[in-house]
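As they're listed, the protein sequences go chains A and B.
Take the first sequence: its letters are residues 1 to 200, numbered as in this note's numbering.
Take the second sequence: its letters are residues 1001 to 1200, numbered as in this note's numbering.
These notes concern the structure reproduced below.
Protein chains: 2
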Amino acid sequence: MPKISDERRLARRQQILDAAWRCFAREGLHVTTMDDIIRASGLSAGAVYGYFRNKDDLILAALTTSLAGLRERLVPLVTTRPLPAPAELVGAVLGEIAAFTEREGFDLKRIALLGWSESQRNETVRGTMAGFYRAFREQLAAATIVWKQEGKLPATLDEQAAAKALLALILGYVVEAAVLDDVTPEDIRRGVAQLGIGSA
Amino acid sequence: MPKISDERRLARRQQILDAAWRCFAREGLHVTTMDDIIRASGLSAGAVYGYFRNKDDLILAALTTSLAGLRERLVPLVTTRPLPAPAELVGAVLGEIAAFTEREGFDLKRIALLGWSESQRNETVRGTMAGFYRAFREQLAAATIVWKQEGKLPATLDEQAAAKALLALILGYVVEAAVLDDVTPEDIRRGVAQLGIGSA
DNA sequence: ATAAAAAGAACGATTATTCGTTTTTTATGG
DNA sequence: CCATAAAAAACGAATAATCGTTCTTTTTAT
């Protein structure tokens, strides 16, 4: 059976995904044409369609692999014990996001913005993204419970509300960094610390 | 001179803009076709092109009018004196955003997500959006100076960093509300207050 | 009455996807 | 270890559908 090796097949797939990321980051999900991605990948139309059923499939794969890569990096940070103080955890998470999204020639943070937009019109994308962020927010809620137990936060604290605020801070950093391009993780960490988060 | 009255002309323009908002919120900037907007507006192609040079012009107008409407509502909130406490100000701003973006049949918050995405590929859009958010952030920085003077925040506080964190919180709420759809302004206000922002 | 505004059919350009052909990969027998 | 045949993979021109925009004609407001 003359079939391509799994290793080779996976490499080709990643090659196409890389090309898609670059194109999407430059022109967005729907202005990018299949021909853009095909040329950027160095392959042919037939080859690309051998790995992805259609453009929607490619979009979904580009978004979910980026989300999965980020999760792999973020989960250890928020589940490690002992837990750093709130401002330090936020700073660490943002630092990891900045490091993960920095790529050769483009910024993967842009893919996040595109994913949020796409989630407003594509039910499958919305489900995937909502699931990811909800799970991450649960881990933030677990962290606030730990802080509460350690006496770093008041015992009356509503951990769901606190987790929602922490997630907003993190998502907002991504927007601010992508649109204004003058914000560092350290800026936010210092801002949060000075505003007194986790100091009560 | 048989020319349409200014009043009538402005009403027609708004009619097209409303249609564009609805279409954009439903399908995004680039999946929405001119024909979608034309049909939604109840006018003809020729009429729409009489009010907007082309699709890019219509996109820019849809984004900037939405931004301008929001600024009109937000500026009084952050420039009023005496200033509410940080958590209360954040809550008030988010409440105003929620009220302003709630529309018949769609959520204007979606337009913000689309604008952020578009700013990554359109220099004109990026300039407009960056200008808006930078100006708003300056007002937040001014607010932190006031809090500092009132002794509500430490005198050593870096107001730029604090303003960046506050803006992240606000932008992040928009993302979280649009994607997860389970966050209220009150959630964030409580979360921020309980995390101790502005309590040092 | 007249000039602007609205209408909507028509056009040229572009798009995602397919499919017949060519090239490449790999399991197998010498 | 190497040559080879079979089958998958890659190629890329062709296709059918769709899009933004224009332009001539008709309607409408003043």
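In this text, a Cβ means the ideal position worked out from N, Cα and C, and glycines have one as well.
Discussion item. Please identify, using Cβ separations under 7 Å, the residues of the region 177–196 of chain A that lie next to chain B, in order along the chain.
Written reply: For the region 177–196 of chain A, the residues whose beta carbon sits under 7 Å from a beta carbon of chain B are, in order, Ala178, Val179, Leu180, Val183, Asp187, Ile188, Arg190, Gly191, Val192, Gln194, Leu195 and Gly196.
Worksheet item: Going along the region 1106–1131 of chain B in order, which residues come within less than 8 Å of chain A, judged by CB to CB distance?
Response: Per Cβ criterion, the list reads Arg1110, Leu1113, Leu1114, Trp1116, Ser1117, Glu1118, Ser1119, Gln1120, Arg1121, Arg1126, Met1129 and Ala1130.
Discussion item. Rounded to the nearest angstrom, what separates A/Met1 and A/Gly46 at their Cα positions?
Written reply: Position 1 of the first sequence holds residue 1 of chain A. Position 46 of the first sequence holds residue 46 of chain A. Unreliable positioning characterises A/Met1 in this predicted model, as indicated by a pLDDT of 41, which lies under 50. A coordinate reading is not provided.
Discussion item. For B/Ala996, would you say it is in contact with chain A, using Cβ-to-Cβ distances shorter than 8 Å as the test?
Written reply: It is not possible to answer for residue 996 of chain B, since the shown part of chain B is limited to 1001 through 1200.
Item to complete: Could you name the residues of chain A that B/Leu1171 contacts, counting a contact when the two beta carbons are closer than 7 Å?
Response: Stepping through the second sequence from its first residue, residue 1171 of chain B is reached at position 171. By Cβ distance, chain A contributes Gly172, Val175 and Glu176.
Discussion item. Suppose you measure from the CA of A/Ala165 to the CA of A/Leu67; what does that come to, to the nearest Å?
Written reply: As a first step, residue 165 of chain A is located in the first sequence; it is residue number 165 there, counting from the start. As a first step, residue 67 of chain A is located in the first sequence; it is residue number 67 there, counting from the start. One C-alpha to the other measures close to 21 Å.
Item to complete: Please list the partners that A/Glu102 has in chain B, where partner means a Cβ-to-Cβ separation under 9 Å.
Response: Walking along the first sequence from the start, residue 102 of chain A turns up at place 102. Annotation: A/Glu102 has no Cβ neighbours in chain B at a cutoff of 9 Å; minimum Cβ distance is about 15 Å.
Worksheet item: Listing by chain order, which chain B residues have their CB less than 8 Å from the CB of A/Val31?
Response: Stepping through the first sequence from its first residue, residue 31 of chain A is reached at position 31. Near A/Val31 (Cβ distances below 8 Å), the residues of chain B are His1030 and Arg1121.
Worksheet item: Given that B/Leu1157 touches chain A, what residues does it touch there, using C-beta distances under 7 Å?
Response: Taking the second sequence and counting its residues from 1, the one referred to as residue 1157 of chain B is at position 157. Result: Gln194.
Discussion item. So if I threshold CB-CB distances at 8 Å, which residues from the region 1070–1093 of chain B count as touching chain A?
Written reply: Answer in chain order: Pro1086.
Worksheet item: Can you tell me whether B/Thr1032 is buried or exposed, with buried defined as 16 or more other CB within 10 angstroms of its CB?
Response: By one-based count along the second sequence, residue 1032 of chain B stands at place 32. By the C-beta density criterion, B/Thr1032 is buried, having at least 16 other C-beta atoms within 10 angstroms.
Discussion item. Just list the residues that DSSP pairs A/Glu72 with in beta bridges.
Written reply: In the first sequence, counting from the first residue as 1, residue 72 of chain A sits at position 72. DSSP, once it has assigned bridges, lists no residue as partnering A/Glu72.
Worksheet item: Hey, is A/Ala68's beta-carbon within less than 8 Å of any beta-carbon in chain B?
Response: Working through the first sequence from its first residue, we reach residue 68 of chain A at position 68. Chain B contact via Cβ: absent.
Worksheet item: Do the region 1181–1195 of chain B and the region 1092–1112 of chain B meet, that is, are 3 or more Cβ pairs less than 8 Å apart?
Response: A contact exists between the region 1181–1195 of chain B and the region 1092–1112 of chain B.
Fill in: contact_flag[the region 176–186 of chain A, the region 1141–1151 of chain B] where n(CB pairs < 8 Å) is 3 or more
Segments in contact, no.
Item to complete: Determine, using beta carbons only, whether B/Arg1026 comes closer than 8 Å to chain A.
Response: Counted from its first residue, the second sequence places residue 1026 of chain B at position 26. By this cut-off, B/Arg1026 is an interface position.
Practice prompt. Report yes if the CB atom of B/Cys1023 is closer than 8 Å to the CB atom of B/Ala1040, and no otherwise.
Written response: Locating residue 1023 of chain B in the second sequence gives position 23, counting from the first residue. Locating residue 1040 of chain B in the second sequence gives position 40, counting from the first residue. Yes, these two residues count as a Cβ contact at 8 Å.
Worksheet item: Looking at the structure shown, is A/Arg57 part of a helix, part of a strand, or coil, going by DSSP?
Response: Against the first sequence, residue 57 of chain A aligns to sequence position 57. In the sequence as presented, Arg is not what sits at residue 57 of chain A; that position holds Asp. If DSSP states are grouped into helix, strand and coil, A/Asp57 belongs with the helices.
Worksheet entry | Own chain, CB closer than 7 Å to B/Ala1200, minus 5 neighbours either side, in chain order | Numbered from its first residue, the second sequence carries residue 1200 of chain B at position 200. Confidence at B/Ala1200 is low in this model, with a pLDDT of 49, below 50, so the placement of that residue is unreliable and no value is reported for it.
Item to complete: Could you check what DSSP says for B/Glu1118 in three-state terms: helix, strand or coil?
Response: Walking along the second sequence from the start, residue 1118 of chain B turns up at place 118. Looking at B/Glu1118 - three-state DSSP - the assignment turns out to be helix.
Worksheet entry | Supposed contact pair A/Leu29 and A/Glu118 - C-beta distance, whole angstroms, cut 8 Å | As a first step, residue 118 of chain A must be located in the first sequence, where it is residue number 118. As a first step, residue 29 of chain A must be located in the first sequence, where it is residue number 29. About 6 Å separates the two Cβ atoms, so the contact holds.
Item to complete: Kindly give me the distance between the Cβ atoms of B/Arg1121 and A/Arg26, rounded to whole angstroms, as I take these residues to be in contact under 8 Å.
Response: Taking the first residue of the second sequence as position 1, residue 1121 of chain B is located at position 121. Taking the first residue of the first sequence as position 1, residue 26 of chain A is located at position 26. Confirmed, Cβ separation roughly 7 Å.
Worksheet item: So, does the CB of B/Lys1134 fall closer than 8 Å to a CB anywhere in chain A?
Response: On the second sequence, position 134 is the one that residue 1134 of chain B refers to. Sequence check: residue 1134 of chain B is Arg here, not Lys. The beta carbon of B/Arg1134 sits closer than 8 Å to some beta carbon of chain A.
Worksheet item: Is B/Asp1107 helix, strand or coil by DSSP?
Response: Taking the first residue of the second sequence as position 1, residue 1107 of chain B is located at position 107. The answer is strand: DSSP assigns B/Asp1107 an E or B state.
Worksheet item: Which residue or residues does DSSP assign as beta-bridge partners of B/Glu1102?
Response: Counting from 1 along the second sequence, the entry for residue 1102 of chain B is found at position 102. As DSSP reads the structure, B/Glu1102 sits in a beta bridge with B/Asp1107.
Item to complete: Tell me whether B/Ala1019 is buried or exposed, calling it buried when 16 or more other Cβ atoms sit within 10 Å of its Cβ.
Response: Here residue 1019 of chain B corresponds to residue number 19 of the second sequence, with the count starting at 1. Residue environment analysis places B/Ala1019 among the buried positions, since at least 16 neighbouring C-beta atoms fall within 10 angstroms of its C-beta.
Discussion item. Using the three-state DSSP reduction, which class does A/Val48 fall into: helix, strand or coil?
Written reply: One-based indexing of the first sequence puts residue 48 of chain A at position 48. Of the three classes helix, strand and coil, the one that applies to A/Val48 here is helix, per DSSP.
Discussion item. Assuming contact is defined by CB atoms lying nearer than 8 Å, are A/Ala168 and B/Tyr1173 in contact in what I supplied?
Written reply: As a first step, residue 168 of chain A is located in the first sequence; it is residue number 168 there, counting from the start. As a first step, residue 1173 of chain B is located in the second sequence; it is residue number 173 there, counting from the start. Closer than 8 Å, so yes.
Worksheet entry | Closer than 9 Å at the beta carbon, the chain B residues around A/Ala162 | Along the first sequence, one-based indexing puts residue 162 of chain A at 162. Residues of chain B passing the Cβ test: Arg1190, Gly1191, Val1192, Gln1194 and Leu1195.
Worksheet entry | Contact with chain B by A/Ala168, beta-carbon distance below 8 Å | Counting from one through the first sequence, the residue named residue 168 of chain A turns up at place 168. By this cut-off, A/Ala168 is an interface position.
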